[in-house]
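What follows is a short report on a single structure.
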Amino acid sequence: MNGQSSLIRWKAVVVVILAFTGLYIAGERNLRIETDIAASLPRHDQVIADARYVMTHYPVFDRVFIDVGVSGQHADDGLLMTAATTLQQGLQASGLFKEVGLGASVDAMPLLLSHIVSNLPSLFTRRELETSVLPLLGSASVRTLIDRNMDTLQGLEGMGQSGLIARDPLGLRNLVLARMASLLPVNGATITNNFIMSRDRRHILIIAEPKQSSTDTAFALKIQALMSRLTAEINRRAGGEQNQVSITPIGSYRAAIDNETIARKDTMRALLLSTIGIALLLLISFPRWYIGLMALIPALAGTAAALFVMSLLRHNLSILAIGFGGAIISINVDYGIAYLLFLDQTQTTSGTYASRQSFWVGLGASLTTIGSFLALSFSGFPILAEIGWFTAMGTLFSFAFVHTIFPLVFRRVSPAKRQGIMPMEKLTSRLALSSGWTSFIVVGIFGLVMAFFARPAVKADVEAMNTESSATLRAETHIRKTWGDILSDTTYVLIQGSSVQALQNRADRLNTFITDRTASGVVRSGFSPSSLFPGEALARENEAAWKSFWTKQRVESLHREISHDARIAGFSHDAFEPFFDSLGSKGAYDPAIPRELYGMLGISRSWDNKTWMMISAVRPGPGYNPEIFYKDLSSAGIGKMLDARWFTERLSNLLFTMFVRMGILCGIGLVVVLVFYFMDFILVLLALVPVAFALVSTFATYHFLHRPLDIPSLLLVVVVFGMGSDYPIYFIWAYQRYFDEHDPAMRPIRTAVFLNAGSTITGLGVLAFAGQAMLKSAGLSMVLGLGYALIGTVILLPPVLRVLYAPRKNREMPAVAAGSPEHRARVVSAYIFMETYVRMFARFKIRFDPMFPK
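The structure is reproduced here in structure tokens:
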């Protein structure tokens, strides 16, 4: 080894490693990991864009829901209230939240009730008066309402209610308040001491609205640390195992932390395990272990350079692209392997010789990989576009490293004294040479059968792309069991305006929209601030309807009924005169919404403080059709909509269309590269056979596993076209050059194919066992695709290539003078695609002869 070390510039090796390590550190520090899954959604489809806008711009989806529970035989309401109060005070004092609990909403309730009772004429549409108010005017209904008012006044809940009852004996205010039901996140709970309490009185739900987006991992970590501290403090105060207090928070902040934590862990594990696995493969395959390990250097250098360039082009990178870093190493190690297999021989070689022998086959493989991954730029998914650019640049830099740096590092390499620990050349040659027509027919029939079942389903569940820890899953199960599905079957409509008044005008239109569709059965319920604070135009319309509804005869009849029943119930004869006085008066309506009620009504600023926003939770009815509802909403120019089920269905259809389009683009790109590379129609078709076999077999396997293709699985078609085509290119190129499959020079090519496939599948196989859902899905699909591509190459191609090149192998080919017309014709017949390059190099007097057999 001492003699060999003088033939390798080890100082240059160390300098190169240090330089690219510096590039990696600089790139990693300048990039922020993006965990927001919504940011990856396509933006050219308006429905998807609107849904993404709702998910990312409205703070309600960042809310933190916290269950405070008590256990133990001696747990009581006092302990529960104390724990909830301590937690709520701690959240408010942290400065991380804009609003905590129901305190502000409950404190504002008297103000809201006063507003409702004072402005009843402005709060009912003509339809609501006929359908909701008119039934209350019957004799039986009036008697029941008067008796209920007396019971209320005699109870504790009647304190301070006399003025409201005098002005609203029919309880019309309750009809208005009922419109707010869709604002409550939980059904069946009670409000006790400004807390949402469960029926068994052992749980309290606290809702906190963060000051900024919870998908920001740094901010999410602050929330997590605060919750841990407050939980420990509350349990310390409670003391005793029987009175233990449980604090269970859920929210998008936990998903952000879990996604990044698991992604970082998976990335480091992928880098470590794939590097170890590839290193072991190289150690046993090369005669000199230290030369074999050097195949990792171009891959690591290319990945580091790509990361550095990405950090210059953007400030953040998705977790899927980061996690794909380990796979990039396994992809780009191929070029180093092919180069070093020609270098580490039992005869004297050099870096220049190895470059000449591996350059053209590596060029074809790199072009197909780069072109296919760049096609992801047209997918419409930012995450997939990032992966495409990241992988394409890593491939380009790795290939360039092999053929620029390595020839400078290796001068003349003396013969190896032995073969590798495992005789890879003999093993791979035996596998390739044993493939005959029998195995060809068996695998061909298998491919045809798999093609019949190649009907993959596409499912684009964005939530499934999030990966949650076991602790988060337990927390969500606990909340769902205690409080139900807080964000259940609901359609969200987002409206916005430059000011609260503009927002209110938009809310008027939303209110009319919801009211009309409630009457037709499209909507079961929904809320708009206009149902409590209509704009001036809607208020005038309602006042006119109110005046028309309360005819003189109807008022006189109601007055007689109420006076009679009130006297029997024990009220004074003029107890409800304020109500009748308001029926004939024309009060001045103020449409302004008090700031104290913003939180209750769901009105808030957007994250960027540019607009005012409000979201309406609409419960679909039996006649609900999301597509029609969206079209009507959009044509009316009211707002944006998010329907989770329809969103997932539409995204799945969009993904399928994109999947087909990407397959067509990648297929066209691959065919173009192969045409220019082989200039032979038969060889182009032959190179596509393993690719087609891999695709149909993978699709069928997904079908048999009852596993749909999700968003990360879109990488499958790109990987199979870009990397799965490398294997047939290597095989066909070797037959083109050497004709005879028994030629010793073909052994490094076959070995390179198997080692490349082994290293790539090793790296991607690690991703298949990742904890992060997106990385796991991407790894599984790519391992299947490349595994089938290798099988198709090794079994389907050799029998056909033997037939194609048998005449050339068996024909006597007399020696010809280099540069003669006969020599040129022979070269072009074997490498017709190189004719242009031969002329170009000859013009610059670059020696090209060693590339061709003589």
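Here our numbering = 1-based position in the sequence shown + 32. C-beta: ideal position from N, C-alpha, C; glycine also.
Considering only R211, V208, M182, the residue with the shortest C-alpha distance to A198 is M182. For V554, no beta strand (DSSP E) encloses it, and the DSSP letter there is neither H nor E.
Non-local beta-carbon contacts of G797 in its own chain, meaning distances under 6 Å to residues more than five positions away in sequence, involve V815 in chain order.
Residues H435 of the same chain have their beta carbon placed closer than 7 Å to that of F391, with the five preceding and five following residues left out of the count. Per DSSP, reduced to three states, the secondary structure at K579 is helical. A contact is defined here as three or more CB-CB pairs under 8 Å, and the region 762-769 meets this definition with respect to the region 824-839.
A residue is called buried when at least 16 other Cβ atoms come within 10 angstroms of its Cβ; P167 does not meet this threshold and is exposed. Straight across, the Cα-Cα distance linking R268 with Q124 is about 20 Å.
Using a 10 angstroms sphere on the CB of R549, the tally of other CB atoms reaches 16 or more, which defines it as buried. Taken through DSSP and simplified to helix, strand or coil, H735 comes out as helix. Going by C-alpha positions, S745 is about 11 Å away from Y734. With respect to A821, A726 sits close: the two C-beta atoms are nearer than 7 Å.
Counting C-beta atoms within 10 angstroms of its own C-beta, D290 has 16 or more neighbours from the protein chains shown and is therefore classed as buried. When DSSP reads this structure, G529 sits in a beta bridge with W644.
Relative to A337, the option among V277, L428, S398, K449 whose CA is nearest is L428.
Taking a 10 Å sphere around the C-beta of F603, we find 16 or more other C-beta atoms and assign the residue as buried. Inside the region 657-721, DSSP marks whole beta strand (DSSP E) runs of 3 or more residues at positions 672-675, from first to last along the chain. In this structure, the CA atom of T470 is about 18 Å from the CA atom of M482. According to the DSSP assignment, P330 belongs to the alpha helix (DSSP H) that extends over 328-345. Setting aside the 5 residues that flank it on each side, I402 is surrounded in the same chain by A424, T427, L428, each with a C-beta closer than 7 Å to its C-beta; the list follows chain order. Contact between G324 and L315 holds, since their C-beta atoms are separated by about 6 Å, short of 8 Å. If only uninterrupted beta strand (DSSP E) runs of at least 3 residues are considered, none is enclosed by the region 413-496. Excluding the 5 residues flanking it on each side, A598 has same chain C-beta neighbours closer than 6 Å at I178, A607, in chain order. For T53, the enclosing alpha helix (DSSP H) begins and ends at 42-62. With a cutoff of 7 Å on beta-carbon distance, T400 and L818 are scored as not near each other. In summary, H235 is buried, with 16 or more beta-carbon neighbours lying within 10 Å of its beta-carbon over all protein chains present.
A check of alpha carbon separations from L833 across S245, F611, L111, L718 identifies L718 as the nearest. Per DSSP, the beta-bridge partners of D99 are L237, T280. For I635, the enclosing beta strand (DSSP E) begins and ends at 635-637. G669 counts as exposed, since fewer than 16 other beta carbons sit within 10 angstroms of its beta carbon. The Cβ atoms of F545 and S648 do not sit closer than 7 Å to each other. Just so you know, the alpha carbons of D675 and S502 end up roughly 28 Å apart. The C-beta distance from P722 to Y759 rounds to 6 Å, short enough to meet the 8 Å contact threshold.
Bridge partners of R231 according to DSSP: none are assigned. Excluding its 5 nearest sequence neighbours in each direction, M755 has C-beta neighbours in its own chain below 7 Å: I363, T401, T792, L818, listed in chain order.
Per the Cβ contact rule, the region 52-65 is not in contact with the region 199-210 (fewer than 3 Cβ pairs under 8 Å).
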